[in-house]
Amino acid sequence: MKPQKKTPPPALEKPRQPGRIRAVLLAIAVHAAFFALIVFGVTWQSRPETPVQAELWDKLPPAPKAAPKSEPKPPEPEPVKPEPVKPEPPKPEPPKPEPVKPPPKPPVEKPEPPKPDPEIARKLEREKRDKEKKEKLEREKAQKQKDDEAKKKREKEEEAKKKREEEVRRKEEERAKADAEKARAEAASARKAEVDRYIDAIKNKIRGKANVPDTVTGNPEVQVRIRVLPGGEVLDISITKRSGNPTYDAAIERGIRSASPLPVPAANSELFPQFRDLTLNIRHER
């Protein structure tokens, strides 16, 4: 006979715990309620408030009419109360799971600003100096041009003013010269008239003193030179041009001596020097 193989004893099965399925369902229900509470709470907080509206009435609305009274209904029989069922003892609630906190965010590091390139900084500074120098030169050039224009304008104005002044001075000089010439001419004319008046007076006195005989005919004319002292005294007589009639010449010479003193200007007069050495042409007028 073959020996029979020994069958291993059956493994011990774990006994099923009563109420395990119920606990799992209860936990799922609690988590669902917790999730719904969170969702509704967030939705309720984010819902905008309903604006309050109010109506304004000028007059109160009419009171509603009273409804007609109905006859009271007969009392209904009270329902039979079922016997109270003893409630099962409450089961302990499973502990609520703590909300999972999100991991802290790592601090964001700000990127360091790039360090300025010294060569670029020197280049910008050089360009800035060149620009300022150029602007300064342009301003100086514009100012110089403006000054030159102003100087030229002043020079033109001064030249025009000088020309006007020269023209005015020239006209004044010409007017003054003309006035002086006119005055000299007037003075000379007046002086000549005064001299002629004295000469005519001298000639008339000589003719009045000359005893010209009747034998003298025609219009003989003799020229005599008379030297006169202050006061009109005759110093000397000489005939410079004879008339061709000796009788007339001698009569005129005698008349000059008889007419002394001659009617000449005063010794302190500016006209007397012309009468110191006087030359007369005396013509016979009979």
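Remember, our numbering sits 1 above the position in the sequence shown when you count from 1.
Just so you know, even glycine gets a beta-carbon here, dropped at the ideal spot from N, CA and C.
Query: In whole angstroms, what separates the C-alpha of Leu256 from that of Val217?; Result: It is Gly, not Leu, that sits at residue 256 in the sequence shown. Each residue's alpha carbon lies about 15 Å from the other.
Query: Evaluate the contact criterion for the segment 196 to 208 versus the segment 271 to 279: three or more CB pairs, one atom per stretch, below 8 Å.; Result: yes
Query: State the CB to CB distance for the pair Ala202 and Ile253, rounded to an integer number of angstroms; the pair is presumed to be in contact (CB under 8 Å).; Result: With 8 Å as the limit, Ala202 and Ile253 do not qualify as a contact, their Cβ atoms being about 16 Å apart.
Query: Let me check one thing: in DSSP terms, what residues is Val223 bridge-paired to?; Result: Ile283
Query: Examine the ligand MG and report whether any of its heavy atoms sits within less than 7 Å of the Cβ of Ala194.; Result: Ligands in the displayed structure: none, and consequently the ligand MG is not present.
Query: Taking Pro262 and Glu222 to be in contact with their CB atoms under 8 Å, please state how far apart those CB atoms are, rounded to whole angstroms.; Result: The pair is not a contact, with the Cβ atoms about 25 Å apart (cut-off 8 Å).
Query: What three-state label does DSSP hand Ser244 in the structure shown?; Result: coil
Query: Which stretch, first to last residue, makes up the alpha helix (DSSP H) that contains Ala267?; Result: First-last for Ala267: undefined, no H or E at that position.
Query: Is the separation between the beta-carbon of Ile283 and that of Lys204 shorter than 8 Å?; Result: yes
Query: Within 10 angstroms of the Cβ of Ile227, are there 16 or more other Cβ atoms? Answer buried if so, exposed if not.; Result: buried
Query: Applying the 10 Å Cβ sphere with the 16-neighbour rule, what's the burial state of Val40?; Result: exposed
Query: Applying the 10 Å Cβ sphere with the 16-neighbour rule, what's the burial state of His32?; Result: exposed
Query: From Arg280 to Ala191, what does the alpha carbon distance come to, in whole angstroms?; Result: Note that residue 280 is Thr in the sequence shown here, rather than Arg. Cα to Cα, Thr280 sits roughly 20 Å from Ala191.
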